[in-house]
Amino acid sequence: MGIAYTAKVISAHRMPMELQAFASGARAAGYAVIIAGAGGAAHLPGMLAANTTLPVLGVPIQSHALSGMDSLLSIVQMPSGVPVGTLAIGNAGAINAALLAGQILALQDPALADQLTAYRTAQHDAAVESGAQLSD
27 MGIAYTAKVI SAHRMPMELQ AFASGARAAG YAVIIAGAGG AAHLPGMLAA NTTLPVLGVP
87 IQSHALSGMD SLLSIVQMPS GVPVGTLAIG NAGAINAALL AGQILALQDP ALADQLTAYR
147 TAQHDAAVES GAQLSD
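The opening position of the sequence shown corresponds to residue 27 in the working numbering, with each subsequent residue numbered one higher.
Encoded structure:
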């Protein structure tokens, strides 16, 4: 969809000063939405949300221990007043986080909204075609 993005590695536990600096300066730096993937204790999305008023989308990373359930529960159980939009565990969650970020941005970008509509139409058409192939 041509959405500009920046990928960073920030650890909530190993890089707390960098996390605070990034989150508190994200709006001024031109960010509109933050997607944070986190595993284990998964404090990254919540700590980012605590330091910015931008939307933060948390994606629990599937891990060997507990298959990512620990991360999911950590991200979803935020205290009142510090929201994190929590997505599914793993790749599906990452894809949906990107799409949700696009939908948030599309509120101010009609061309992006049109691209998202076209994406949904293509998904629909592919599902219909899959069903048609079953009956052939």
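By construction, the Cβ of each residue, glycine as well, lies at the ideal position given by its N, Cα and C atoms.
Local conformation of residue i per DSSP, three classes
{"i": "Thr-147", "result": "helix"}
{"i": "Gly-94", "result": "helix"}
Per DSSP, the bridge partner or partners of residue i
{"i": "Gly-111", "result": "Leu-83"}
Other residues of its chain near residue i: CB distance less than 8 angstroms, five sequence neighbours each side excluded
{"i": "Ser-89", "result": "Gly-65, Gly-66, Asp-96 and Ser-97"}
{"i": "Gln-164", "result": "In the structure as shown, the chain starts at 27 and stops at 162, and residue 164 therefore has no counterpart that could be examined."}
{"i": "Ala-76", "result": "Ala-49 and Val-108"}
Supposed close pair residue i, residue j - CB separation, criterion 8 angstroms
{"i": "Ala-62", "j": "Val-85", "result": "7 angstroms"}
{"i": "Ile-36", "j": "Leu-70", "result": "7 angstroms"}
{"i": "Ala-49", "j": "Thr-78", "result": "4 angstroms"}
Residue range of the unbroken beta strand (DSSP E) whose run includes residue i
{"i": "Gly-63", "result": "60-64"}
The alpha helix (DSSP H) enclosing residue i, as first and last residue numbers
{"i": "Ser-37", "result": "Run containing Ser-37: none; DSSP gives neither H nor E here."}
{"i": "Ile-130", "result": "117-132"}
{"i": "Pro-71", "result": "70-76"}
Beta-carbon proximity list for residue i, same chain, < 7 angstroms, skipping 5 on both sides
{"i": "Leu-80", "result": "Ala-52, Arg-53, Tyr-57, Ala-58, Val-59 and Ile-60"}
{"i": "Thr-128", "result": "Looking at the sequence itself, residue 128 is Gly, so the reference to Thr does not match. For Gly-128, where only same-chain residues beyond five positions count, the Cβ hits under 7 angstroms are Met-27, Ile-29, Leu-138 and Leu-142."}
{"i": "Glu-44", "result": "Ile-36"}
{"i": "Ser-161", "result": "none"}
{"i": "Ala-114", "result": "Asn-122"}
Residues near residue i in its chain [Cβ-Cβ closer than 6 angstroms; skip 5 each side]
{"i": "Thr-112", "result": "Gly-84, Ile-101 and Val-102"}
{"i": "Gly-116", "result": "Gln-88"}
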